[in-house]
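K.L.:
For reference, each letter of the sequence shown is one residue, going -23 to -1, 1 to 525 in mature numbering (1 follows the signal peptide of the UniProt record, and there is no 0). The structure is given below, and queries will be raised subsequently.
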Amino acid sequence: MKKLSFLAISAVLFSGLASTAAAETDNASERVIISFKEEIDYELLEEMGAEIHEEFDAISAVSVTLPDEATVQSASIDSSIEYIEENSVVRAAAQASTWGYRSVKANTASSLGYTGKGVKIAIIDSGINSKHPDLKVAGGVSKIANSSAYTDGLGHGTHVAGVIGAQNNSIGTVGVAPDAQLYSVKVLSTKGLGTLEGVVAGIQWAIDQKVDIINMSLTTVTNDQTLRDITKKAYDAGILIVAASGNERESGLYSDVLYPARFPSVIAVGSVSQLNRLSYFSNYGPSQELVAPGENILSSFVDGTTTSQNDYAISEGTSVASPFAAGTFAQYMEAYPHLSNKQLRETVKRAATDLGPKGRDNQFGNGLVQSLETKAALFPDLKNDVWYSEPIQKIFDRNIITGLSDGTYRPNATITRAEAVTMLGRALNLDKSNTKHRFSDVSKDSFAAGYINSAFELGYIKGVTATKFRPNDPIKRGDMAMILQAAYGLTSTQQTAFTDVPESMYYYDAIQAAFSSNAVTGYKDNTFRPKNPITRAENAQFMSNLVK
């Protein structure tokens, strides 16, 4: 069987390892990864004489050794098999100084109390030295053949671990997220080499352990389908995946970052110097998402020539930049535990310091990773202790709102008619699966369709015409008062003389009833501004006044 391609973890310090790859991985290179269209077909594997090494349930795949090349060829045409992929070899990328801790504002976030508490981070690398006095390792696994220990004989994974989680104590350095729970997933040998099978198995393990963040300071030039599938599965499971962009810039061979950083499900991190210049070694391209410090970085290490475990080293590479980003994500995850991995991804991109040409560019991506500089409000674009803080918190706690897909709330943005009815529907537990569609301009698969159908049946809302609802139009303050009056049965017990709400207007009674019930408020100038579109913050205030 032919030798398999290297899956390289791009390195500066370890760039000389390629020559030893073939000798170390002869056995592993005879393996292939078989992906099935549905469930893993164990009967077929037995018929083929396959020796199973690893099972990847998340993507219905296995790592196996087959008897010969002819078996591989015959298996590739079986209708139950999606694809067969060669096992690749991985190599360690290099690392990088304590100036980086300040550069990403980790010190500011730490002073605010954000240190990664409660966040589980899997470091898929060469292992971690669990005896290092500056590190705490919560657990781990080895996916290296003939090795059950997940300790580190190379130093690479220990260096990465220190950038993320070196303890805030009196020795060594301090990590970006020292209170995060670190998990050592060993996929690289003492020579910095590993296989595609090992990396995929490591990610599968991380999925099974329900970690929050995966850091991969490793790269490959090969677009392995198995690796693409497993990273997507992890991302879809809610895990944030951060990876090094690679260190081959000087070679001029690549027009983009390497894999797995290039996959859409993975956050590609390049390296910058202390002057915020793209590092001489850092790959870049269309997939570059963020950059972080990656030159002359001091961190924990493993030195086989010493008897003490208290080892440190200065290193550089995108391998070091990646854990700076991973640790920063842990701080954000602690600050905003209710945001999804996709929302956090957008949040950190917005917070990055723009470098190079204005806006996103191929060298720096969205810019230099930056941690939190102020105490977090409920959503990143909100402020603490302002008039809308309590109302928004109240309806969030009651699952009436969840924020927007990019992690923001946008308090001053207008709310659409569909959004307003959805909030009402959640507050009143209306049937969101109602399929009795009334309005032709409300898509049957719209997020608001069921709530609109139910609210109409109950007489809470009306259409703009007999068949049109205009779900995407902003809803006006006066119209919102009418909906609240109908839904909550509000009656007027006192009159208020809003100067811009004459008795002749259709919404007069509703505004009076809503005001009498303390559901709505006007402005300091004694106006209600009924024709103004209601903002998301104002609607939160109205809803919070009515929910229990």
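Glycine included, each C-beta is placed from N, C-alpha and C at the ideal position. Since this is a predicted model, take the numbers as computed values, not measurements.
(1) Does the separation of the CB atoms of Ser161 and Ser107 fall below 9 Å?
(2) Write down every uninterrupted run of the beta strand (DSSP E) in the segment 118 to 204 whose length is 3 residues or greater and which is fully enclosed by it, in chain order.
(3) Are at least three pairs of beta-carbons, each pair with one atom in the segment 230 to 248 and one in the segment 186 to 202, less than 8 Å apart?
(4) From Met310 to Leu267, what distance separates their C-alpha atoms?
(5) So which of Val219, His109, Asn339 has the shortest CA-CA distance to Gly149?
(6) Hey, how far is the Cα of Asn522 from the Cα of Met459?
(7) Measuring alpha carbon to alpha carbon, tell me which residue in Asp201, Gly116, Lys120 is nearest Ile10.
(8) Rank Leu435, Phe13, Arg79 by C-alpha distance to the C-alpha of Ser56 and give the top, closest one.
(9) Restricting to Cα atoms, I'd like to know which of Thr442, Arg415, Asp450 is closest to Leu435.
(10) Using DSSP with H/G/I as helix, E/B as strand and the rest coil, what is Glu31?
(11) Secondary structure at Pro300, three-state DSSP: helix, strand or coil?
(12) Is it buried or exposed for His315, if we count other Cβ within 10 angstroms and need 16 for buried?
(13) For the 8 Å Cβ check, are there 3 or more pairs between the segment 295 to 312 and the segment 83 to 98?
(14) Spatial neighbours of Gly130 within its chain, please: C-beta separation below 6 Å, excluding the five flanking residues on both sides.
(15) How far does the beta strand (DSSP E) with Arg322 in it reach, from first residue to last?
(16) If you run the structure through DSSP and keep just helix, strand and coil, what is Ser232?
(17) DSSP on Pro314, reduced to helix/strand/coil?
(18) Hey, would you say Ala211 sits closer than 9 Å to Ala245, going by beta carbons?
(19) Have a look at Asp233, Arg394, Ala487, Ala269 and flag the residue whose alpha-carbon is nearest the alpha-carbon of Ala298.
(20) Please find out if some non-hydrogen atom of the ligand FMN comes closer than 8 Å to the beta-carbon of Ser410.
(21) In whole angstroms, what is the alpha-carbon distance linking Lys525 and Gln518?
(22) For the candidate residues Thr282, Lys209, Phe475, whose alpha-carbon lies nearest to that of Lys501?
(23) Is Pro388 near Ile452, with beta carbons less than 9 Å apart?
(24) For Lys120, does the count of other Cβ atoms within 10 angstroms reach 16, so buried, or fall short, so exposed?
(25) Run through DSSP, which three-state label would Pro44 get?
(26) In three-state terms, what does DSSP make of Asp456?
(27) Where does Gln144 land, buried or exposed, given buried means 16+ other C-beta within 10 angstroms?
(28) Could you check what DSSP says for Asp111 in three-state terms: helix, strand or coil?
(29) How is the beta strand (DSSP E) around Asp374 delimited, first residue to last?
(30) Taking contact to mean 3 or more Cβ pairs, one atom from each stretch, closer than 8 Å, check whether the segment 248 to 259 and the segment 328 to 344 are in contact.
(31) Can you give me the start and stop residues for the alpha helix (DSSP H) that Gln489 sits inside?
(32) Taking the C-alpha atoms as reference points, what is the distance between Thr197 and Tyr231?
(33) Just grab the DSSP bridge partners of Asp338 for me.
(34) From Leu170 to Lys335, what distance separates their C-alpha atoms?
(35) Are the CB atoms of Ser277 and Gly117 within a distance shorter than 9 Å?
P.N.:
Reading off the structure:
(1) yes
(2) The qualifying runs are 158 to 163, 170 to 172, 190 to 193.
(3) yes
(4) 17 Å
(5) His109
(6) Here the alpha carbon of Asn522 sits roughly 15 Å from the alpha carbon of Met459.
(7) Asp201
(8) Phe13
(9) Arg415
(10) strand
(11) helix
(12) exposed
(13) yes
(14) Correct list, in chain order: Thr167.
(15) Element bounds for Arg322: not the beta strand (DSSP E) but the alpha helix (DSSP H), 318 to 328.
(16) coil
(17) coil
(18) no
(19) Ala269
(20) In terms of ligand content, the structure shown is empty, and the ligand FMN therefore cannot be addressed.
(21) 13 Å
(22) Phe475
(23) no
(24) buried
(25) coil
(26) Helix.
(27) buried
(28) If DSSP states are grouped into helix, strand and coil, Asp111 belongs with coil.
(29) Counting along the chain, Asp374 falls outside any beta strand (DSSP E), though it belongs to the alpha helix (DSSP H) covering 366 to 374.
(30) A contact between stretches requires three or more CB pairs, one per stretch, nearer than 8 Å, and the segment 248 to 259 meets this requirement with the segment 328 to 344.
(31) 485 to 493
(32) 12 Å
(33) Gly342
(34) 39 Å
(35) no
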